[in-house]
Amino acid sequence: MDVVNQLRRQFVDYYTSLHREGFVDDQFTQLQKLQDENSPDFVVEVASLFFEDCEKLINNMARALEQQQRVDFKQVDASVHQLKGSSSSIGAMRVKNVCIAFRSFCEAQNREGCLRCLQQVTHEYSLLKNKLQTLFRLEQQILAVGGSIPVVE
Amino acid sequence: MESCYCIEPQWPADELLMKYQYISDFFIALAYFSIPLELIYFVKKSAVFPYRWVLVQFGAFIVLCGATHLINLWTFTVHSRTVAIVMTTAKVLTAAVSCATALMLVHIIPDLLSVQTRELFLKNKAAELDREMGLIRTQEETGRHVRMLTHEIRSTLDRHTILQTTLVELGRTLALEECALWMPTRTGLELQLSYTLHQQNPVGYTVPIHLPVINQVFSSSHAVKISPNCPVARLRPAGKYVPGEVVAVRVPLLHLSNFQINDWPELSTKRYALMVLMLPADSARQWHVYELELVEVVADQVAVALSHAAILEESMRARELLMEQNVALDLARREAETAIRARNDFLAVMNHEMRTPMHVIIALSSLLQETELTPEQRLMVETILKSSNLLATLINDVLDLSSLEDGSLQLELETFNLYAVFREVLNLIEPVASVKRLHVSLNLAPDLPEYAIGDEKRLMQTILNVVSNAVKFSMEGSISITAFVAKSESLRDSRAPEFYPVPSDNHFYLRVQVKDSGSGISPQDIHKLFTKFAQTQSTATRNSGGSGLGLAICKRFVNLMEGHIWIESEGLGKGCTAIFIVKLGIPGCLNESKLPIMPRMSTTIHSQIAFPGLKVLVMDENGVSRMVTKGLLVHLGCDVTMVSSSDECLRVVSHEHKVVLIDVCVPGIDGYETAMRIHEKFTKHHERPLIVALTGNTDKVINENCMKVGMDGIVLKPVSLDKMRSVLSDLLEHQVLFEAI
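These protein sequence lines are chains A and B, in that order.
When we follow full-length UniProt numbering, the leftmost residue of the first sequence carries the number 1, and every step to the right adds one.
When we follow full-length UniProt numbering, the leftmost residue of the second sequence carries the number 1, and every step to the right adds one.
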């Protein structure tokens, strides 16, 4: 059972580090609570949906901002709003924060600022994706060796 | 002549005499017979003759005389004895009747004479009556004229018309040459010719008011005859004619203040106008008494009519003034409303706009802090963070104050640990105080309840503000914080006369005193302390920073908590004591507090309440958010249906759904409209599902909009499991949820 404990400890450490570094917040913990026998893969499902959503939105925004002549800031703002909503639903704190800044640039119709934020968002998103995928892999590993996923408060 | 029976008379030589006698007798008899006939004829003709008996007597007398003379005709020749006897009888009768008549006439003739005098008397009387009739008729005419004049005068409320009509009608009635009205000027020292009969626009001809003749007229209520030579009567150009008689009468100008409801106006008014009436020149007409009376009556009527006109003018002027003022007030109100609306719009926008960049700055600066930095860069970033925190506090303060001012701030009541609040304040202030080598002591009265119901955050803010002020303004010494339950005697403070605390069973008044030994405040500056942005002049305050808003905000909070805050100081250098009293609820009472928000009691641990089979409809456009919400609800045992658009929502919603959760933050989909359409769809109240709004920010506007469209509650995202659980349980239990933060 050492392996299980080790894995579990790893999981807990990783999870706490995610929290500490601000990748996720309390909302993510809430999502964990919703995972039970009836919906064992709830968190993974939500996360996948989120990643899909993110990619789509980021592509939209990139396309909109590429326009040299007249950038449709309204569309960009709508996409950012969506992204903000999604990220706050899942608890992706950093992404959400960048979205907040992004929105103010949109309101100010500042193309440079928006592009910078877009870059940041993409960066944060890929970071988060990696982190979460690692987390999920750990979960799978624990389940594979017959352990149970620890609940971190 | 003697006549005998035997001797035959002979024609003597004086036969001629006899003949003439004979003829005369004949004519006498004739006459005597015809006179009564005439009498009878004429008497029969006249209707009344009171002396018939006399007539008969007289007739008899004459007839008999005539008979005598007739019979005498036969005695001229020889006549028989029968004739003689007849003659004698006739004579005797005649004698008797004539004596009787003579006697009767003694009575009758004085009577007849007196009839004559009576007739004369009656004739005189008739003449006199005729004269009097004439007089009465003239008076009646005059009376009619007065009535007509009054009617004319009183039929108009226009001052000018009244006066003009008066003059015209008077002139006509009395056939005047000239009629004029002199009004007193504004100064009251002169009389000005205002209206005349024959000159349409009299020149502003004035005479001083204190002439003896004018005084004479003013002192009597009657019309007074004045000399045509006095200044007020010189209205016509002087000519060779003799001017007619002039009469002047005073017209009292009554003021509104003269009229008391129950009394007649006393004629102690000081202002009179003068009416001057001139008879035609060369007419030798005189002023009759009745004419003077007419003039006096008219003058009185004019006075009353003028005062009515004056009252009307006043009231119309007042009404116009009021209307103008109303219009101005309306405009001012609308402007004020526009200004308020503009300010609210501004605040609503700034609320978001100011906070967002601040958050961004703070967030990004703190993120920056986490990265690799050189020491200089780190210092710079720390400074940026500190300044932006300060700025954020300032912005929050200002926005708080604005929302406090327009009354939109509401306290959030909950049960909290009172002792913990004080301990927390102490913990926060200890470091600063120890740096300044100030000793802080906290004394909590033993009867102070451990738990209380109130707005913990704002109470702590207030205590912290007051304590930090104490620390700020003290260079040395000690700070003591005392807290106890205020009893009713100590509640009424002479310094706070408008504070009427009413203790009751489920509330108590917390009194906190913070005493410091610092720089103190001079008494005249104390009142400035609680005004926004005002600072006392001492340099100590300048150096300590602070925008001066803190105490103003505290005062607002304390007022919201139905309390009072004040500062006592004995002067500069003698330290000061800040005292405030606030009303807190006592937990464990089941009464609801009076504040509109339903108090969120700190509940015991929620049992694992589940809502098996509760049908919930969720409308959210965002896929991730939708999935999370679904997960929450499924975990709680609900039967969840998901929709992503308003039309789909309305299509799917049925009376089986007990709760509908609508995300109102999504642009492009109007959550409010959906709510309204759901209301329309379900007219019966018990069939309608409860509608709850999910929103990402707490905005009063969103709050209001939700209430307006008839939503049953608002939930702030992100929603935790516990929050969703309590939301659903509150909702199902109370059918309404005010706000769940």
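Note that CB positions come from ideal geometry on N, CA and C, so glycine has one too.
These figures come from a predicted structure and were not determined experimentally.
With 16 or more other Cβ atoms from the protein chains shown falling within 10 Å of its own Cβ, A/C114 counts as buried. In the displayed model, B/W182 falls within a strand according to three-state DSSP. By the C-beta density criterion, B/F27 is exposed, having fewer than 16 other C-beta atoms within 10 angstroms. Using a CB distance cut-off of 7 Å, A/I149 does not count as an interface residue toward chain B. A straight-line Cα-Cα distance of about 11 Å links A/C117 and A/M61.
By the Cβ criterion, the region 360-380 of chain B is not in contact with the region 335-349 of chain B, since fewer than three pairs of Cβ atoms, one from each stretch, lie closer than 8 Å.
The three-state reading of DSSP puts B/S522 in coil, since its state is none of H, G, I, E or B. A contact is defined here as three or more CB-CB pairs under 8 Å, and the region 638-646 of chain B fails this definition with respect to the region 72-83 of chain A. For a Cβ distance threshold of 7 Å, residue set A101 of chain A lies close to B/L364, ordered along the chain. Neighbours of A/G85 across chain B, judged by C-beta separation under 9 Å: D620, E621, N622, V624, S625, D663, C665, V666, G696, K717.
A check of alpha carbon separations from B/N229 across B/E190, B/V276, B/T196 identifies B/V276 as the nearest.
In the three-state DSSP reduction, B/F682 falls in the coil class, being neither helix nor strand. In this structure, DSSP gives B/C638 a state outside helix and strand, which the three-state scheme calls coil. The Cβ of A/N97 sits closer than 7 Å to at least one Cβ of chain B. With contacts defined by Cβ atoms closer than 7 Å, A/Q35 and B/L721 do not form a contacting pair. Within the same chain, V664, C665, I702, I714, L716, K717 come within 7 Å of B/T695 by CB-CB distance, once the 5 residues on both sides are set aside. Here the alpha carbons of B/A578 and B/G520 stand approximately 11 Å from one another. Flagged as an interface residue toward chain A: B/S720, by a C-beta distance shorter than 7 Å. Residue burial annotation: B/T68 is buried, with at least 16 other C-beta atoms found within 10 angstroms of its C-beta. Between B/K457 and the set B/I691, B/N417, B/K658, the nearest pair of CA atoms involves B/N417. Counted as a single uninterrupted DSSP element, the alpha helix (DSSP H) harbouring B/P36 occupies residues 15-45. Excluding the 5 residues flanking it on each side, A/L135 has same chain C-beta neighbours closer than 8 Å at F11, Y14, Y15, L18, in chain order.
A/F42 belongs to the set of residues whose beta carbon lies under 7 Å from a beta carbon in chain B.
In the displayed model, B/W74 falls within a helix according to three-state DSSP. Annotated as proximal: A/K129 and A/F51, with beta-carbon spacing under 7 Å.
Under DSSP, B/G454 shares a beta bridge with B/E414. Buried is the label assigned to B/V659, since at least 16 other Cβ atoms lie within 10 Å of its Cβ.
Nearest neighbour of B/E291 by Cα position, chosen from B/K708, B/K225, B/M627, turns out to be B/K225. Less than 7 Å divides the Cβ of B/A483 from the Cβ of B/L444. Per the DSSP secondary-structure output, B/M619 pairs in a beta bridge with B/V643, B/I662. Inclusion of B/A273 and B/V251 in the CB contact set at 7 Å is warranted, their separation being smaller than that value.
Assignment of B/L438 by DSSP, reduced to helix, strand and coil, places it in the coil class. Bounds of the alpha helix (DSSP H) holding B/M133 are 81-154. Going by C-alpha positions, B/I162 is about 45 Å away from B/K125. When Cβ-Cβ separations below 7 Å define contact, A/I58 makes no contact with chain B. Straight-line measurement puts the Cα of A/Q27 at about 7 Å from the Cα of A/S89.
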